[in-house]
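Below you'll find the structure, written out as structure tokens, and then a few comments.
Protein chains in written order, with the numbering used here: chain V, 8 to 309; chain U, 8 to 309.
Laid out in structure tokens, this is it:
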């Protein structure tokens with residue numbers, strides 16, 4: 008059996024089971040009254056970046072996606088180690104621009120690179136590991152959603168539409184919700200949270216499995232990015248395309264208003280008991296499809 | 008200017024300067040009375056692994072080289088995150104054998120994988136980040152060598168010779184000196200230490216620069232692996248080839264005997280004031296060449 012026939016999520020599931028890894032955005036490492044948070048993401052020239060993308064974008068994105076994972080656990084960012092593999096014929100200026108993208112993202116969102124490794128490869132591959140910390144009583148996990156909780160999302164959805172327009176500033180200069188994550192953590196009201204890198208639908212299905220609950224989501228409540236609104240079917244981009252890096256979280260209904268005053272976020276639905284995910288559109292309720300951006304899959308959205 | 012014209016060490020130096028990264032095997036992160044140690048290594052199918060190497064070897068090696076960095080700072084191993092990029096047409100069995108290699112290495116030397124990322128790529132690329140901890144008063148750095156200190160190395164040198172014999176068990180099933188590193192740390196006598204992944208000469212030149220000292224090394228004292236002894240010029244493999252992953256350390260002359268009773272190690276020379284590195288062979292003293300295994304370099308040893 009080849010990996011291409013299995014798909015990313017099956018492969019990841021197998022690894023997670025083999026090593027008994029808890030299914031979350033970061034690992035939680037016990038450090039007295041805090042958790043050390045640690046997460047890694049590997050980005051690969053050919054898979055992640057359309058032809059013609061700028062090296063600055065690659066650098067920014069590779070740091071930002073890792074910050075997003077720390078953000079989703081309510082963490083404070085501490086730093087990064089970076090493993091960079093590059094072709095021998097890469098121009099030094101190109102590498103410098105990757106590093107500039109990394110640097111600018113860190114200037115804006117915090118953390119610093121404390122170590123790394125640089126090797127030769129045929130195509131650009133960057134693996135960043137971010138680490139941070141969170142007080143134990145503020146930590147937010149993927150598990151914890153309760154029936155009746157409100158479902159929220161930060162910011163706006165549908166960034167994936169920018170790929171079609173080759174708007175790489177919009178697609179790749181993502182703004183991880185590290186400040187919002189800290190506010191959610193300090194509120195101590197959030198029952199579960201993850202970032203939605205592979206699409207809202209895919210994230211909801213992952214939370215459904217972990218929490219043994221379901222979700223009812225209202226299409227009219229989804230906060231759409233302007234770039235998605237220009238498309239024929241904005242919902243397609245909001246639900247099934249990757250690249251949004253917003254925080255998807257649940258909390259008791261009555262706590263929502265207070266959070267809404269503090270950060271840009273929107274209630275999009277509620278947690279239900281039935282193990283299904285419904286999308287309600289124009290009074291019509293149907294099951295949300297379980298698809299999203301997946302590596303090794305034959306059905307990529309981008 | 009292309010990276011291939013610069014060579015790995017120049018590229019790494021530029022990155023280190025840009026981000027003000029201290030030059031050591033691990034980053035040291037302040038955590039009350041301990042340091043969090045964090046390090047990353049990226050291994051790439053084509054660069055690191057000769058054709059025909061087993062996936063089990065790849066898995067073991069990718070974990071072991073990271074353990075070696077924690078070992079060189081005297082650290083206790085805590086865990087790993089793994090970023091794995093693989094071609095879509097990789098057989099699932101092949102991935103499973105990589106994971107088995109990782110697992111066996113962790114069973115032997117400690118730590119567990121607490122998180123990761125899996126993506127698609129054209130060639131196998133594995134970036135492991137290891138983290139560990141060390142008490143502040145036990146931590147060992149690259150900087151600290153004093154004139155007159157004895158120079159030691161653990162184990163045996165010249166593993167690189169096994170490549171020529173296609174003995175991949177010898178080449179890649181490396182045994183990181185994590186136990187030895189802890190003993191050195193607890194002794195509180197070691198003045199500096201690093202692991203010698205790119206060859207003894209290369210490591211000595213790095214320590215020379217950091218410590219503003221020199222070294223005099225005795226060829227007759229170098230502990231050679233059996234596989235190197237079978238070669239026409241064993242010294243070539245002991246000094247200039249990568250892959251040994253032994254600990255190179257310095258300590259006051261009079262503390263050496265006690266350490267020698269506790270771990271397999273050998274005195275190979277001493278720290279001198281002059282900023283030069285000499286190798287003494289058959290009464291003949293000459294400067295050691297400043298070369299070793301280097302990525303992006305046109306002059307690879309393997």
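Every residue gets a Cβ at the ideal spot worked out from N, C-alpha and C, and that includes glycine.
Query	Result
Please report the straight-line C-alpha distance between residue 80/V and residue 267/V, rounded to a whole angstrom.	19 Å
At 7 Å on the CB atoms, spell out the chain U contacts of residue 33/V, in chain order.	122
Which of the three DSSP states, helix, strand or coil, is assigned to residue 14/V?	coil
Identify which residue in 282/U, 124/U, 84/U and 286/U has its Cα closest to the Cα of residue 186/U.	84/U
Relative to the C-alpha of residue 295/U, which candidate in 208/U, 157/U and 146/U has its C-alpha closest?	208/U
By the three-class DSSP mapping on this structure, what secondary structure does residue 146/V have?	coil
Report all residues from its chain with a CB closer than 6 Å to the CB of residue 307/U; omit the five preceding and five following residues, and keep chain order.	Bear in mind that the predicted position of residue 307/U carries a pLDDT of just 34, short of 50, making it unreliable; the figure below should be weighed with that in mind. For residue 307/U, where only same-chain residues beyond five positions count, there are no Cβ hits under 6 Å.
Could you tell me the distance, in whole angstroms, from the CA atom of residue 249/U to the CA atom of residue 298/U?	10 Å
Using only the alpha-carbon positions, how far apart do residue 281/V and residue 202/U sit?	55 Å
Going by DSSP, what residue range makes up the alpha helix (DSSP H) through residue 238/V?	Residue 238/V -> no alpha helix (DSSP H), and no H or E assigned at all.
Could you check whether the Cβ of residue 389/U sits closer than 8 Å to any Cβ belonging to chain V?	Outside the shown range of chain U (8 to 309) lies residue 389/U, about which nothing can therefore be said.
At a Cβ threshold of 8 Å, is residue 38/U touching chain V?	yes
How would you label residue 126/U, buried or exposed, when you count the other beta carbons within 10 angstroms and need 16 or more for buried?	buried
8 Å is my cut-off, CB to CB: does residue 56/V come that close to chain U?	no
So, do the region 140 to 156 of chain U and the region 212 to 226 of chain U have three or more beta carbon pairs nearer to each other than 8 Å?	yes
Mind reading off the beta-carbon distance from residue 106/U to residue 66/U? Whole number of angstroms is fine, and I expect it under 8 Å.	6 Å
Since residue 177/U is in the alpha helix (DSSP H), which residue starts that stretch and which ends it?	175 to 179
Taking C-beta pairs closer than 8 Å, name the residues in chain U that residue 25/V reaches, listed in chain order.	106 and 110
At what residues does the beta strand (DSSP E) containing residue 278/U begin and finish?	272 to 279
Which whole-angstrom value describes the C-beta separation of residue 256/V and residue 164/V, a residue pair presumed to lie in contact below a C-beta threshold of 8 Å?	Contact flag wrong, Cβ pair sits at about 14 Å.
Check whether the Cβ atoms of residue 140/U and residue 41/U sit closer than 8 Å, and answer yes or no.	yes
Between residue 64/V and the rest of its own chain, which residues show a CB-CB distance below 6 Å, the 5 nearest in sequence each way excluded?	175 and 179
Does any residue of chain V bring its CB to less than 8 Å from the CB of residue 46/U?	yes
Going along the chain, which unbroken runs of the alpha helix (DSSP H) with 4 or more residues stay wholly within the region 98 to 174 of chain V?	99 to 116 and 168 to 171
Counting only Cβ pairs nearer than 9 Å, list the residues of chain U close to residue 102/V.	10, 18, 21 and 22
Check each residue of the region 58 to 85 of chain U: if its Cβ is closer than 8 Å to any Cβ of chain V, include it; give the result in chain order.	85
Report all residues from its chain with a CB closer than 6 Å to the CB of residue 287/U; omit the five preceding and five following residues, and keep chain order.	225
Cβ of residue 130/V versus every heavy atom of the ligand GTP: is any distance shorter than 7 Å?	Looking at this structure, you won't find the ligand GTP or any other ligand, since it has none at all.
For residue 169/V, is the classification buried or exposed, using 16 other Cβ atoms within 10 angstroms of its Cβ as the cut-off for buried?	buried
In the DSSP output, what is residue 223/U paired with across the bridge?	277/U and 285/U
Report yes or no: is there a C-beta of chain U within less than 8 Å of the C-beta of residue 129/V?	yes
Could you please tell me which residues of the region 138 to 158 of chain U, in chain order, have their CB closer than 7 Å to any CB of chain V?	138
Taking Cβ positions only, does residue 119/V come closer than 8 Å to chain U?	yes
Could you tell me whether any Cβ in chain U is nearer than 8 Å to the Cβ of residue 203/V?	no
Helix, strand or coil: how does DSSP classify residue 37/V here?	strand
Select from 189/V, 211/V and 138/V the residue whose C-alpha is nearest the C-alpha of residue 73/V.	138/V
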